[in-house]
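For reference, each letter of the sequence shown is one residue, going 145 to 286 in my numbering.
The beta-carbon is built from N, C-alpha and C at its ideal position, and this holds for glycine as well.
This structure is a prediction, so every number in the text was calculated from the model and none was measured.
To keep things clear, I will list the structure first and then write my remarks on it.
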Amino acid sequence: AALIEEMTRLEFTRDQVRPVLEAATGAASLLGPVGEASSDAVAYGVIDGRSLETVALAAALAARSDASGAPRLLAWLAAERHVALEIDGNDLIAAGLQEGPEVGMRLGAALRAKREGSAPDRDAELRAALAAELEEGRSIQT
145 AALIEEMTRL EFTRDQVRPV LEAATGAASL LGPVGEASSD AVAYGVIDGR SLETVALAAA
205 LAARSDASGA PRLLAWLAAE RHVALEIDGN DLIAAGLQEG PEVGMRLGAA LRAKREGSAP
265 DRDAELRAAL AAELEEGRSI QT
């Protein structure tokens, strides 16, 4: 609340306040999960979808406190945020999936596989997405 009041006093717009608040509240919550992740690819999955400001602040906090997640946060900022899939949701729907949240989860699994080196091309990405074991333990058979 004090941060919002101070930013309002300094004449920040609502659009300027939003990313600052998101970064301030979200950065600390990244430190534990990123540092404790079982692999770099899993850690990057935790980071994906967060704002650049949030990740940058988390990296600064981690480096300052010598937290275990600092190298992963810095690596994501330097390179991993630019890793992109060649497939998209339309490819999964064309392969027989129903539109919905499962498509996003499977794309996340394909991105993790790409980062781990097991999905180096489009066909491998599609196979990784379709073969992914989801939280409920389901997989799509093709």
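Query: Compute the Euclidean distance between the alpha carbons of residue 231 and residue 262, then round it to the nearest angstrom.; Result: 15 Å
Query: Pop quiz: residue 93 and residue 236 are said to be a contact at Cβ under 8 Å. What is the actual Cβ separation, rounded to whole angstroms?; Result: Missing from the structure shown is residue 93; the chain here goes from 145 to 286 and no further.
Query: Cutting at 7 Å between CB atoms, please list the residues of its own chain near residue 177, excluding the five before and the five after it.; Result: 190
Query: Is the CB-CB distance between residue 246 and residue 278 below 8 Å?; Result: yes
Query: Grouping DSSP H, G and I as helix and E and B as strand, with all else coil, what is residue 240?; Result: coil
Query: Given a cut-off of 8 Å on the beta-carbon distance, is the pair residue 175 and residue 205 in contact?; Result: yes
Query: Do residue 195 and residue 166 come within 8 Å of each other at the CB atom, strictly closer than that value?; Result: yes
Query: Would DSSP call residue 194 helix, strand or coil?; Result: coil
Query: Helix, strand or coil, according to DSSP, for residue 168 in the structure here?; Result: helix
Query: If you measure between the beta carbons of residue 253 and residue 238, is that distance less than 8 Å?; Result: no
Query: Tell me where the alpha helix (DSSP H) around residue 260 begins and ends.; Result: 245–260
Query: Since residue 227 contacts residue 251 with CB under 8 Å, what's their CB separation in whole angstroms?; Result: About 13 Å separates the two Cβ atoms, so there is no contact after all.
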